Each structure stands twice: as C-alpha cells, then as structure tokens.
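Heads up: the sequence shown begins at 5 in my numbering, then just goes up one per residue.
Ideal Cβ positions, reconstructed from N, Cα and C, are used throughout, including at glycine.
It should be emphasised that the depicted structure is a prediction, and the values quoted were computed from it without experimental measurement.
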Amino acid sequence: MTTDYDRTGAQGAPAAWGPPPTAPPQAPGPGAPRRSLPGRVWRGRPEDPRWARPALLGLLVLTLVTYLYGLSASGYANSFYSAAVQAGSTSWKAFFFGSLDGGNAITVDKPSAFMWPMELSVRTFGLNSWAILTPQVLMGVGTVAVVYAAVRRRFSPVAGLVAGAVLALTPVAALMFRFNNPDALLALLLSLACYFVVRAVEDGRTRWLVGAGVAIGFAFLAKTLQAFLVLPPLAVVYAVCGPVRLRRRLAQLGLATVALVVAGGWWVAVVELWPASSRPYVGGSQNNSFLELTFGYNGLGRISGDETGSVGGGGGGNRAGRWGSTGWDRMFGSEIGSQISWLIPAALILLAAGLWATRRARRASVTRASFLVWGGSLLITMVVFSYMAGIFHQYYTVALAPYVAAVTGMGAGLLWEKRARTWASVTLAGAVVAAAAWGYVLLNRTSGYLPWLKWLVLVGGLVAALGLVFAGRLTRRLALGAAVLGLLAALAGPTAYTLSTVNSAHTGSIPTAGPVGASMMGFGGGPGGGPGGGTGDGARGGFGGGLPGQGQGQGFPGGGMPGQNGGAQGQNQPGRPGQQGQQGRPNGNGFPGGGFPGAGTTGEGRRAGGGGAGGLLDGANVSSEARKLLETDAGDYTWVAASIGSQNAASYQLATGSPVMAIGGFNGTDPSPTLAEFKKYVAEGKIHYFIAGGGMGGGMGGSGSGSKISSWVQSNFRKVTAGSATFYDLTRKANG
C-alpha cells in the first residue's frame with residue numbers, strides 16, 4: 005500500500021504544507037493495557053486530549069435533549085406516514101409492503117424501509133407520537149456522531165465538534181429529525197456512505213466500499229433515486245484516490261456495486277415478482293409497478309416535472325417553477341434559504357481553500373479525498389435540487405446538512421492549523437464574513453423576528469474576521485477568542501431558527517423550519533403565483549399562492565381544495581386512537597412558560613370543525629361522533645371506511661385504530677381501486693362507510709376513478725351525518 009505523509013504523518017511533506025493532520029488511530033501495541041468498554045467510550049482515541057470525548061458525548065446529549073423537547077406537540081406529524089406506521093404495527097404484510105392500511109389496499113408512495121424503525125417502536129410502545137418520532141430523533145443524533153467521526157479521522161477534535169454542532173443546529177435538520185418523513189433515514193445512511201468511502205481511501209480495504217454500497221442501497225429503500233445522487237463523487241473519488249492499484253480499485257468498486265444492488269434490490273424484486281392480486285397496489289404509480297414509481301413519479305419526473313398523477317398532472321417542462329423558482333440561486337432564495345443556506349457560502353469558500361491547500365498532496369491523500377467526498381456530495385446535490393422542475397419541498401434540503409457541516413468543520417480545522425500563513429488566515433476570515441453577512445440577510449427577511457440578532461451576527465462576525473486576519477501574529481488566546489466569536493456569529497442565526505423549530509408543532513405534508521414567515525414556497529412560479537392566491541405562510545407549510553375560493557390555512561393556503569374552509573391558527577393535535585386531540589401550544593415568548601425565546605407559532609394550521617373532509621396536504625379533525633360511528637361493528641369489516649385521498653383516510657384510521665381505504669392513494673389520482681373493484685368490495689361486505697369529501701380524486705394527470713366511485717356511492721347509498729362529517733353507509737341502499 006502506498007505510503008504518503010497525508011495518510012500516515014510520515015516524512016515527505018513539502019515545505020508549503022505545514023503540520024500534517026492528525027494520523028488515524030493506531031492499534032495499541034502488544035504490551036499496552038486494554039481499557040474497559042466504558043473507559044473506551046469515555047476516553048475515546050488514545051491520542052485525543054482528555055476533554056475531546058466528553059465534549060463529543062456532551063454534544064450528542066444536548067442534541068438528543070433539544071430534539072426531544074416538546075416532541076409530542078406535533079402529534080402524528082405527517083398523518084399519511086403515521087397511518088402507514090399504525091398499519092405496519094398491526095400487520096406484517098403491511099409492514100413489508102408499506103401499506104397505508106391494515107387491509108392492504110394501497111401502499112405509500114415510497115419504499116417501506118424508512119418506516120420499519122417507527123413501526124417496530126409502535127409495536128413495542130404502542131401508537132403515540134413519542135413512539136413514532138423518537139426513532140427519527142435517534143437517527144439525527146446518529147448522523148451528528150457519524151459526521152463528527154468522519155471529520156475527526158483527519159482533523160482535530162475541535163473540527164469534528166464544529167461539524168457536529170453545525171449539523172445539529174441546522175434548522176431543517178432539527179425539523180426533519182423530529183418528523184416522520186423518509187429524509188431522516190436518508191441523511192443518516194448517506195452520511196455513513198461518505199464516512200465509509202473516506203475510510204476506504206485511508207486503508208484500501210474492500211469492506212469499507214461494500215459498507216458504502218449497502219448504505220446507499222438501503223437509502224434507496226428510504227427515498228428511491230435520491231440516494232444515488234452521491235454515487236458519482238464517491239465512485240470517482242475512490243477510483244482516483246484509492247491507495248491500491250487501479251485494477252484492484254475497479255474490482256472493489258464492482259463489489260460495492262453488487263452490494264448496493266443486493267441491499268436495495270431484494271425488496272424491489274419481491275414486490276415486482278409478488279402476484280399483484282395478493283399484494284397492495286403500489287401507491288403513486290399508474291400501473292401498479294414499483295419500477296414505474298421509481299423512475300417516474302419519484303424519479304426522473306422530479307427532474308423534468310412530468311409526474312403523472314401529481315398535483316397539476318404531468319405537464320413536462322410547462323410545470324417548471326410550479327414548486328418554486330429554479331436556478332443556481334434556488335437554495336438561497338426566500339423559499340428555501342432559511343432552511344439550509346446559513347453556512348453554504350462559508351462552506352463553499354472553505355471547500356475551495358481545502359482543495360487548494362491539498363493541491364500538492366499525493367494522489368492517495370485522505371485529506372483531499374475527504375474534501376472531495378463531502379464537497380462533491382454537497383455540490384451535486386445542490387445542483388440537482390436547484391434545477392429540478394418537479395415536486396420539490398423545502399425539507400428535502402436536509403440532505404445537504406451533513407455535507408455542509410462536514411465541509412465547514414474540515415475547512416475551518418485545516419485553515420486554523422495553517423493560520424500562520426497569510427492566505428489561510430485571510431481565507432478563514434473571509435469565510436466568517438460570508439457566514440455573518442449571509443446570516444444578516446436571512447434574519448433580515450423576517451424583520452419582526454428578534455430584530456436585534458441580525459446586528460449582533462453582523463458586527464460580531466466582522467470583529468471576529470478582523471481578529472482572524474491577524475491570527476498568525478496574535479497570541480494563541482487572542483486568536484482563539486476571535487475564532488470562538490466567529491463561530492458564535494456564524495451559528496447564532498441558525499441556532500435561533502432551530503430553537504423556534506423545536507418549540508413549534510409541525511404537521512401535514514410540507515413542514516418548514518424556523519419562525520412564522522421564514523419560508524414561503526411559490527406555487528405557479530413564485531410567491532403569490534397561484535390563481536387568486538394571496539400569501540402562504542411558510543411556517544404552516546403553505547404555498548405562496550392559493551387556489552380559488554381558499555382562505556388561510558395549511559398546505560394549500562385554504563387547508564384543502566377549492567371551496568373548503570381555511571384553517572385556524574395553531575391546531576388540535578391528534579391524540580391516541582379513541583381520544584380527542586389536544587390543543588396546540590400558543591406562541592412562545594421567552595422563558596419561563598413560553599418556551600424558547602422568539603419561538604414561532606405552533607406551525608401548521610388545521611382545519612376548523614369536527615370531522616370534515618381532509619385536504620390534499622393535511623388530514624381532518626375527527627369528531628367523537630364520527631369516531632363512534634366508525635367503531636361500531638368495526639371488526640366485521642376489512643375496512644371500516646373508504647375515502648378519496650390518503651390524508652383524509654389516515655386521519656380516520658389513526659382516530660379509530662381500524663383500516664380505512666385511501667381511494668387513489670396520496671393525491672386521490674391513482675387508479676386503485678377501479679370502480680368495478682370498489683363495487684366488488686362493497687358487494688362482499690368489506691367496506692362499511694364511504695367518507696364524503698376528501699382531496700383530489702379527479703383527473704389531475706391520473707385516472708379519475710375516485711370521482712367515479714364518489715358519484716356511484718352518492719347515487720346508491722344512504723347518507724349519514726356524524727358531527728360535521730358526512731358518510732354513506734355502504735350496507736344500506738339509498739331507497740332501502
């Protein structure tokens with residue numbers, strides 16, 4: 005194996021290089037005493053200072069406590085996935101396929117692996133928000149630990165701690181590691197893949213590349229093709245920088261590819277080969293095919309905008325911008341910037357500096373490979389996100405958070421070690437200025453939110469940068485003081501937004517981080533872009549414009565489809581099945597009693613009323629009368645009810661604990677069941693009630709079978725009212 009100064013700390017570094025980074029941990033000699041497991045956990049690497057491992061453990065504990073704070077306020081969070089978790093906790097078939105209901109009518113529009121930890125938790129602890137969301141929190145803590153470990157391999161403990169803190173305090177990370185969408189598992193697994201590739205460059209062992217392939221394969225089972233975005237930089241970096249001969253490198257990459265295909269393909273093969281008549285319909289597809297879902301609605305359609313069955317239907321390039329403006333600056337705009345971009349300008353500067361500093365290193369330089377792995381993953385994901393014309397939500401950007409954190413920690417650590425060189429100190433100062441200036445811009449976009457903070461960030465950053473310019477000439481204490489001030493200035497803005505995020509409830513399909521108004525997604529090409537629209541509220545997950553006839557609320561600003569009432573401020577949080585939800589928390593206004601200072605509202609507004617129809621992006625409030633009606637003789641039916649659209653069905657399923665069929669899947673546009681199939685279910689006595697209303701169900705690029713079923717039901721069966729909700733009893737004819 006090739007020896008080089010970058011990997012082992014051996015001689016051979018050019019004069020311009022300066023002190024080499026810390027070498028990877030070495031195994032203790034044969035005569036060295038072996039510490040106990042608790043001692044190794046507390047002490048860490050033998051060469052680390054004594055404070056390093058306690059500091060890491062403190063960071064992880066603080067992250068855990070912060071992410072667990074007020075976790076139950078979000079109730080079932082995204083009821084679409086929570087209903088599937090409830091189904092998977094009662095049926096192993098639903099567990100495997102990812103069915104939305106225990107009757108296994110239709111699946112969610114993703115592979116099922118991301119729900120498995122939540123479903124096992126619910127099987128163990130019962131159905132409640134803590135059981136659903138705590139596994140997501142643990143994934144967040146795990147991702148922080150992975151990023152720390154990856155950075156610490158080549159840099160100082162402080163660099164690792166900085167990287168971990170940046171990740172933990174990224175607003176969108178605090179949002180999604182407390183939410184039940186697939187992105188938490190995706191971020192953890194892709195971080196592991198990057199870590200494994202760096203380890204492979206370090207020692208050339210095949211097992212690390214196989215581990216990376218397995219991680220990416222399982223990430224595919226969390227969120228399909230998004231997992232493959234990191235493949236080009238990871239494969240190219242190892243092919244070029246691997247420390248073994250080229251022939252062996254290519255063979256190792258081939259084995260990693262096999263591992264990826266096996267890890268991600270076994271589940272796909274089972275679903276595709278399983279007889280369609282005995283498994284649930286693949287939600288999100290138009291032909292009951294997971295491969296179609298992968299390469300269409302959830303794949304290439306996200307890039308081109310041609311997503312048959314989605315909101316607005318398949319319109320190809322004509323749909324560009326309908327989910328927000330696209331372009332090179334998309335990550336920095338008012339729709340997305342406050343979620344993720346706080347440290348992106350600084351990270352890009354530090355990435356360029358890291359690659360410049362390692363320009364003379366040998367081919368197998370692990371330090372340079374680390375920048376290429378994490379920086380390449382950052383750049384390629386940013387580019388794809390910036391230009392994808394299809395469905396795009398702000399919370400997708402959590403995938404960038406580990407990359408931004410790692411690059412920031414590595415770059416800051418490297419430049420700090422080289423601060424005696426003018427170019428390094430000036431570049432480090434420039435990164436701090438970029439972070440402070442951009443933090444000021446982002447904070448200024450919500451001018452009513454902690455208006456004094458933006459000035460502290462800007463002034464503190466400029467003062468710190470001035471000190472860092474002369475860091476090589478100052479005493480270590482003064483230079484360290486400037487560095488700490490710069491770090492505080494860079495993290496003050498995202499920290500405030502993170503605290504607002506954890507102090508707010510988040511429900512529905514499109515949550516956003518930060519205080520009210522921090523992020524607004526345009527629908528139809530920008531803010532106010534929808535017909536008849538007004539202004540959406542980013543903290544409620546809304547779009548920038550509404551649809552005709554809508555008021556203020558969640559998701560689409562009316563909280564549902566045209567003609568539905570708008571939502572009230574805050575929301576009733578869903579309780580356990582059979583219980584009334586609890587009222588959302590009011591605005592926080594500083595300690596004590598009001599939560600974190602400057603905290604926003606409870607987040608997404610829910611529809612007023614007790615048990616009306618749910619919208620496309622959020623569920624319905626289920627009244628006690630409606631719940632009692634559905635629970636009567638529930639055991640006699642495969643599905644106690646059926647409803648168009650998954651969010652509406654999910655709300656009733658979570659309230660009753662019994663399967664509710666979601667006609668048409670998430671958007672109500674999937675051709676499942678057809679009218680003929682639905683008539684057969686009714687004739688066989690498998691469905692008790694049809695819930696009137698619901699979201700979508702018409703054409704919208706899909707088959708429109710939902711509207712046909714609705715018309716048939718209303719013409720043939722007796723109407724029943726429970727609370728403010730309307731049902732049709734499928735066991736009683738209208739004239740019977």
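Output the boundary residues of the beta strand (DSSP E) element that contains residue i.
| i | result |
| --- | --- |
| Phe721 | 721 to 726 |
| Tyr693 | 691 to 695 |
DSSP state of residue i, grouped into three classes?
| i | result |
| --- | --- |
| Phe731 | strand |
| Tyr80 | coil |
| Thr479 | coil |
| Ile307 | helix |
| Ser289 | coil |
| Trp643 | strand |
| Ile110 | strand |
| Ser103 | strand |
| Tyr73 | coil |
| Leu454 | coil |
| Trp278 | coil |
| Pro236 | helix |
| Gln583 | Residue confidence for Gln583 is low, a pLDDT of 38 falling below 50, so the modelled location carries little weight; the figure read from the coordinates is stated next. In the structure shown, Gln583 sits in coil (DSSP, three-state: anything other than H, G, I, E or B). |
| Ser523 | coil |
| Thr412 | helix |
| Gly164 | helix |
| Leu213 | helix |
| Asp207 | helix |
| Lys422 | coil |
| Thr636 | coil |
| Arg631 | helix |
| Phe224 | helix |
| Leu173 | coil |
| Ala403 | helix |
| Trp716 | helix |
Is it right to say residue i is buried, meaning 16 or more other beta carbons lie within 10 angstroms of its own, or is it exposed?
| i | result |
| --- | --- |
| Tyr242 | buried |
| Tyr641 | buried |
| Gly62 | exposed |
| Tyr152 | buried |
| Ser125 | buried |
| Phe560 | The pLDDT assigned to Phe560 is 33, lower than 50, so where the model puts this residue is not dependable, and the model offers no usable value. |
| Ser451 | exposed |
| Leu60 | buried |
| Ala410 | buried |
| Trp378 | buried |
| Val664 | buried |
| Thr479 | exposed |
| Pro677 | buried |
| Asp778 | The requested residue 778 is not part of the displayed model; the chain covers only 5 to 740. |
| Thr660 | buried |
| Pro139 | buried |
| Glu421 | buried |
| Thr505 | buried |
With DSSP as the reference, please indicate the residues paired to residue i in a beta bridge.
| i | result |
| --- | --- |
| Lys737 | Phe721 |
| Ile648 | Ile667 |
For the alpha helix (DSSP H) containing residue i, name the first residue and the last one.
| i | result |
| --- | --- |
| Val686 | 679 to 687 |
| Asn448 | 426 to 448 |
| Asp52 | Counting along the chain, Asp52 falls outside any alpha helix (DSSP H), and DSSP gives it neither H nor E. |
| Gly136 | The question names Gly, but residue 136 is Ile in the sequence shown. Its alpha helix (DSSP H) spans residues 133 to 156. |
| Glu339 | Taken as a continuous stretch (DSSP letters only), Glu339 belongs to no alpha helix (DSSP H), as it is neither H nor E. |
| Pro186 | Premise fails: Pro186 is in no alpha helix (DSSP H) and is neither H nor E. |
| Thr298 | 294 to 299 |
| Arg372 | 370 to 391 |
| Pro349 | 348 to 361 |
| Leu124 | 120 to 129 |
To the nearest whole angstrom, what separates the beta carbons of residue i and residue j, a pair I think is in contact under 8 Å?
| i | j | result |
| --- | --- | --- |
| Met414 | Phe375 | 6 Å |
| Ile340 | Met392 | In fact, because the Cβ distance is near 12 Å, the residues do not count as touching under 8 Å. |
| Pro161 | Asp333 | Rounded, the Cβ-Cβ distance is 35 Å, inconsistent with contact. |
| Ala653 | Ala666 | 4 Å |
| Phe183 | Gln651 | At roughly 15 Å, the Cβ-Cβ gap does not stay under 8 Å, so Phe183 and Gln651 are not in contact. |
| Thr228 | Thr298 | 5 Å |
| Gly497 | Ala424 | Incorrect: roughly 30 Å between the Cβ atoms, too far for contact. |
| Leu382 | Ala351 | 7 Å |
Quick one: is the Cβ of residue i within less than 7 Å of any heavy atom of the ligand FMN?
| i | result |
| --- | --- |
| Gly471 | You won't find the ligand FMN in this model; it holds no ligand whatsoever. |
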